[in-house]
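Residue numbers (my numbering): 5 to 56. Positions of the beta carbon are idealized from the N, C-alpha and C atoms, including for glycine.
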Amino acid sequence: DLTTFTMELFRTVLPDIPTDMLLLDCIHRIPRPQHLPPSTPRDVLKRLHYYH
Numbered sequence: 005d006l007t008t009f010t011m012e013l014f015r016t017v018l019p020d021i022p023t024d025m026l027l028l029d030c031i032h033r034i035p036r037p038q039h040l041p042p043s044t045p046r047d048v049l050k051r052l053h054y055y056h
C-alpha cells in the first residue's frame, strides 16, 4: 500500500513531527514514459496537507 509505506517512511525520516501533522491529501504514481522498460520504478506524487 503506497500510503502506508509513505507514512512509515515519513515517521522514520521525520521522527520529531507529530503523526497528525503528516496528513496526506493525495498520493499516486505517475505513469512511466513509454520508452522505458516495464520494470522501471514509477515516480510518486504526494501532497501534504500541512506544508509550511
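- Partner residues in the beta bridge of V48, as assigned by DSSP, are R33.
- The shortest C-alpha to C-alpha distance from R46 to any of Y55, R33, H53, L52 is the one to R33.
- In the displayed model, L13 falls within a helix according to three-state DSSP.
- Sequence-distant Cβ neighbours of L28 in its own chain, meaning closer than 8 Å and more than five residues away, are T7, T10, M11, K50, R51, L52, H53.
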